[in-house]
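Okay, structure first, notes after.
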Amino acid sequence: MITSIVTLSLLGSFYLILAIFSLSEARSARVRQLLARSTLGASLREERRQETTRIGVWLERAGVEIAEKEFYIALLLLLSTSFLATMVIFQNLLVSLAVVTLIGAGVVVYLNFRSGNLAHKKDAQLEQFLIDLSASLHATSDIVEAIKMALKETEDPLRREFQRLVDEVNYNISFNRAVANIIRRNKSDLLEIVLIGLVAANEQGTNLIEFLNLKADYVRQRLQMEKHVQILSTEPRITALIVMAAPLLVILLVSLLNPGYIAFFRTVPGMITLAYSAISYTVGYLLISRLTHLTEKRRVRG
Numbered sequence: 001m002i003t004s005i006v007t008l009s010l011l012g013s014f015y016l017i018l019a020i021f022s023l024s025e026a027r028s029a030r031v032r033q034l035l036a037r038s039t040l041g042a043s044l045r046e047e048r049r050q051e052t053t054r055i056g057v058w059l060e061r062a063g064v065e066i067a068e069k070e071f072y073i074a075l076l077l078l079l080s081t082s083f084l085a086t087m088v089i090f091q092n093l094l095v096s097l098a099v100v101t102l103i104g105a106g107v108v109v110y111l112n113f114r115s116g117n118l119a120h121k122k123d124a125q126l127e128q129f130l131i132d133l134s135a136s137l138h139a140t141s142d143i144v145e146a147i148k149m150a151l152k153e154t155e156d157p158l159r160r161e162f163q164r165l166v167d168e169v170n171y172n173i174s175f176n177r178a179v180a181n182i183i184r185r186n187k188s189d190l191l192e193i194v195l196i197g198l199v200a201a202n203e204q205g206t207n208l209i210e211f212l213n214l215k216a217d218y219v220r221q222r223l224q225m226e227k228h229v230q231i232l233s234t235e236p237r238i239t240a241l242i243v244m245a246a247p248l249l250v251i252l253l254v255s256l257l258n259p260g261y262i263a264f265f266r267t268v269p270g271m272i273t274l275a276y277s278a279i280s281y282t283v284g285y286l287l288i289s290r291l292t293h294l295t296e297k298r299r300v301r302g
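So the sequence shown is numbered by full-length UniProt numbering: it starts at 1 and just counts up by one.
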């Protein structure tokens with residue numbers, strides 16, 4: 001009976017969250033259509049963009065196309081359902097709080113991973129996009145028209161970003177502001193450096209074709225260097241994972257030989273010990289990852 005209740009609760013929350021995401025996507029598509037037909041589209045989009053908070057930027061960087069309020073509702077439903085389910089199963093407040101904390105941390109880790117993955121894909125596409133943009137400038141001197149032509153050969157996710165730039169310029173937003181919006185939406189220092197240079201070169205009347213060719217070469221060398229650094233730092237990261245996994249394997253083996261050994265971890269002091277260990281493991285792994293990640297991560301500020 002308890003299992004059935006928990007299962008129904010989880011399924012209900014899942015379908016409710018799925019419905020929120022679906023409705024949000026449909027509403028976003030409808031809003032985009034209305035704004036495209038409206039002369040107030042530019043001002044409305046600009047006002048909404050100015051009101052975007054850090055959470056909104058974080059969601060945009062992760063490619064999550066929902067509003068902040070809807071994200072809060074979905075997260076609250078997920079956490080509350082998890083809390084109730086674990087309370088029914090374990091009937092222990094500390095266990096329920098620990099599970100909710102782990103789920104919340106999992107959501108943050110997943111979105112950060114998704115954000116980094118999208119940024120990596122865009123960086124990998126950037127060199128070819130710059131080459132295509134340089135070729136398009138042979139046919140037109142208008143940078144926006146050249147971007148439109150280059151987008152025909154570009155795939156998502158980078159295509160989506162520059163298509164938004166073109167749409168914003170069509171809504172009478174300045175080119176520089178549209179570029180700034182791309183930088184704000186993306187967690188990529190490489191893309192930021194290239195776009196800031198493009199804006200400066202466009203304003204100063206520099207030969208954009210030559211500039212883009214140089215930047216394409218810079219992007220290629222930068223990505224090759226990052227791959228080389230990643231290879232060199234692989235061994236320390238693997239060592240860190242082995243060191244973290246060793247105590248867990250020891251506990252698992254001892255518990256198999258002596259099942260009563262893990263009884264301590266069912267008590268309150270044992271749960272506190274587990275929570276402290278989990279936090280220590282996470283902090284230690286993040287510190288080691290930070291030390292072994294040798295690429296520069298400081299953002300360029302204009």
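Note that the Cβ used here is the ideal one computed from N, Cα and C, for glycine as well.
Cutoff 8 Å; reference I183; Cβ partners in own chain excluding five residues on either side: Position 183 of the sequence shown, counted from the start, is the residue given in the question as residue 183. Excluding positions up to five away in sequence, the list reads L191, E192, L195 and I196.
Those runs of the alpha helix (DSSP H) which lie wholly inside the UniProt domain "Type II secretion system protein GspF" (129 to 254) and span at least 4 residues: 143 to 151, 158 to 170, 175 to 185, 189 to 204 and 208 to 232
Cβ pair D132, A150 closer than 7 Å: For the purposes of this step, residue 132 is taken as the residue at position 132 of the sequence shown. For the purposes of this step, residue 150 is taken as the residue at position 150 of the sequence shown. Closer than 7 Å, so yes.
Reference L79, options I103, L94 and N92, closest by Cα: As a working mapping, residue 79 is identified with position 79 in the sequence shown. Of all alpha-carbon atoms in I103, L94 and N92, the one lying nearest the alpha-carbon of L79 is that of I103.
Three-state secondary structure (DSSP) of E46: Here residue 46 corresponds to residue number 46 of the sequence shown, with the count starting at 1. For E46, the predicted model reports a pLDDT of 46, less than 50, meaning its position is unreliable and no value from the coordinates is stated.
Inter-residue spacing [alpha-carbon to alpha-carbon] between F129 and S136: Within the sequence shown, numbered from 1, the residue matching residue 129 stands at position 129. Within the sequence shown, numbered from 1, the residue matching residue 136 stands at position 136. About 10 Å.
Closest Cα partner of N213 within the set V250, Y281, L126 and N258: In the sequence shown, the residue the question calls residue 213 occupies position 213. Answer by Cα proximity: L126.
Where L158 falls, given that 16 or more other Cβ within 10 Å makes a residue buried: The count along the sequence shown starts at 1 and reaches residue 158 at position 158. Buried: at least 16 other Cβ atoms inside 10 Å.
Expected contact under 8 Å - CB spacing of N186 and A119 to nearest Å: Along the sequence shown, read from residue 1 onward, the residue named residue 186 stands at position 186. Along the sequence shown, read from residue 1 onward, the residue named residue 119 stands at position 119. That pair is a contact at about 6 Å.
Own chain partners of T282 with C-beta closer than 7 Å, once the 5 adjacent residues on each side are dropped: Numbered from its first residue, the sequence shown carries residue 282 at position 282. Taken in chain order, the list of residues that qualify is empty.
C-beta atoms of E168 and A178 nearer than 7 Å: For this step, residue 168 is matched to residue 168 along the sequence shown. For this step, residue 178 is matched to residue 178 along the sequence shown. For E168 and A178, yes; Cβs fall inside 7 Å.
Cβ neighbours of L59 in the same chain (closer than 8 Å, five flanking residues each side left out): One-based indexing of the sequence shown puts residue 59 at position 59. Cβ neighbours of L59 within its own chain (closer than 8 Å, five residues either side excluded): I66, E68, F71 and L111.
Contact under 7 Å by Cβ, V166 with K152: Along the sequence shown, read from residue 1 onward, the residue named residue 166 stands at position 166. Along the sequence shown, read from residue 1 onward, the residue named residue 152 stands at position 152. Not closer than 7 Å, so no.
Rounded straight-line distance, which links the Cα of R220 to that of Q91: Counting from 1 along the sequence shown, the entry for residue 91 is found at position 91. Counting from 1 along the sequence shown, the entry for residue 220 is found at position 220. So the two alpha carbons sit approximately 56 Å from each other.
The alpha helix (DSSP H) enclosing F90, as first and last residue numbers: In the sequence shown, counting from the first residue as 1, residue 90 sits at position 90. Run containing F90: E68 to F90, per the alpha helix (DSSP H) assignment.
Closest residue to N202 among V144, I89 and T86 (Cα-Cα distance): Along the sequence shown, read from residue 1 onward, the residue named residue 202 stands at position 202. Comparing Cα positions, the closest option is V144.
Residue span of the alpha helix (DSSP H) that contains V57, given as start and end: As a position in the sequence shown, residue 57 is number 57, starting the count at 1. From DSSP, the alpha helix (DSSP H) with V57 extends over R54 to R61.
Euclidean distance between Cα positions of T101 and P269: Here residue 101 is taken as the residue at index 101 of the sequence shown, counted from 1. Here residue 269 is taken as the residue at index 269 of the sequence shown, counted from 1. Using only the alpha carbons, I get a separation of about 18 Å.
N258, DSSP secondary structure in three states: Counting from 1 along the sequence shown, the entry for residue 258 is found at position 258. Here N258 sits in coil by DSSP.
Under 7 Å between C-beta atoms of S82 and V99: In the sequence shown, the residue the question calls residue 82 occupies position 82. In the sequence shown, the residue the question calls residue 99 occupies position 99. Yes, the Cβ-Cβ distance between S82 and V99 is below 7 Å.
Identity of the residue in Y171, L94, K121 and D142 nearest E155 by Cα: The sequence position of residue 155 within the sequence shown is 155, counting from 1. Of the candidates Y171, L94, K121 and D142, the residue whose Cα lies closest to the Cα of E155 is K121.
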